[in-house]
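Residue numbers (this note's numbering): 238 to 496.
Beta carbons: idealized from backbone N, C-alpha and C, even for Gly.
Report on the structure given below.
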């Protein structure tokens with residue numbers, strides 16, 4: 238992130254973060270420290286599947302030789318079950334992003350491998366390591382945008398997917414964004430997935446705010462997401478690369494310097 242810059246009340250454009258908690262509030266706090274007027278507006282709520290992960294970790298005969306994590310939500314759930322996962326602490330554990338890696342290492346996992354900013358890069362990393370004798374356990378949410386099990390399976394890898402949570406639609410208050418829509422420069426919206434864009438569009442209509450789409454700019458990770466936002470009637474800005482820090486910096490630029 239860049240050093241804090243303050244545009245002042247007149248030049249400030251508010252940014253709303255649409256990620257699930259606790260990442261949503263983390264991003265709001267990070268942006269606020271950089272001089273951005275930011276608000277939490279989570280469109281999704283994480284709901285763990287009770288007992289599924291604990292039961293899975295206790296099944297020693299089915300213990301894999303390597304593990305895969307593709308979201309911070311899955312990383313947090315595995316970390317919360319660190320005691321039950323003690324036999325897994327030395328296994329190679331592939332993950333996406335430094336944030337997930339930090340969570341897992343702090344929980345005692347000692348062989349964490351970061352492979353790129355997204356699941357496709359992780360798949361490429363596993364294939365590059367070329368260990369087809371390994372048995373991989375992939376901990377994921379119910380809804381996925383990249384099917385690692387299918388991609389790695391097609392390349393000759395044995396991958397078992399375990400769904401340990403779901404991201405459910407959330408219905409936050411519209412009071413803050415309704416008030417912010419009076420801003421002459423409009424509002425920014427940080428969205429990391431196509432599902433988030435779709436849910437926000439539906440939520441906006443339910444709150445009778447659909448006419449405001451033209452005053453809203455989706456700040457996204459990819460051209461594909463930008464196209465989805467434009468198709469729904471929003472403006473869009475794409476981060477320089479598909480990482481959390483890149484989208485936060487893009488949000489900062491958009492809010493304070495009129496990107």
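Note down the Cα distance separating residue i from residue j, rounded to an integer number of angstroms.
i, j, result
"residue 422", "residue 444", "21 Å"
"residue 306", "residue 410", "32 Å"
"residue 281", "residue 494", "29 Å"
"residue 244", "residue 327", "Residue confidence for residue 244 is low, a pLDDT of 47 falling below 50, so the modelled location carries little weight and cannot support an answer."
"residue 485", "residue 368", "36 Å"
"residue 460", "residue 474", "9 Å"
"residue 308", "residue 449", "32 Å"
"residue 253", "residue 483", "16 Å"
"residue 362", "residue 446", "43 Å"
"residue 355", "residue 390", "18 Å"
"residue 269", "residue 263", "10 Å"
"residue 394", "residue 386", "9 Å"
"residue 350", "residue 332", "6 Å"
"residue 491", "residue 250", "8 Å"
Pick out whichever of the options has its Cα sitting closest to the Cα of residue i.
i, options, result
"residue 417", "383, 391, 406, 452", "452"
"residue 454", "278, 426, 441", "426"
Alpha helix (DSSP H) containing residue i: first to last residue?
i, result
"residue 309", "309-317"
"residue 261", "260-270"
Below 8 Å, is the gap between the Cβ of residue i and the nearest heavy atom of the ligand SAH?
i, result
"residue 424", "Ligands are entirely absent from the displayed structure, and the ligand SAH is therefore not among its contents."
Taking the beta strand (DSSP E) that residue i falls in, what are its first and last residues?
i, result
"residue 350", "349-351"
"residue 426", "424-427"
"residue 474", "472-475"
"residue 337", "Where residue 337 is concerned, there is no enclosing beta strand (DSSP E), although the alpha helix (DSSP H) it sits in stretches over 335-343."
Given that a residue counts as buried once 16 or more other Cβ atoms are within 10 Å of its Cβ, and exposed if not, what is residue i?
i, result
"residue 397", "exposed"
Segment contact flag, the region 463-476 with the region 431-445, C-beta cutoff 8 Å, min 3 pairs
Touching, yes.
When you compare the region 307-323 with the region 333-344, are there three or more beta-carbon pairs, one atom per stretch, that lie closer than 8 Å?
yes
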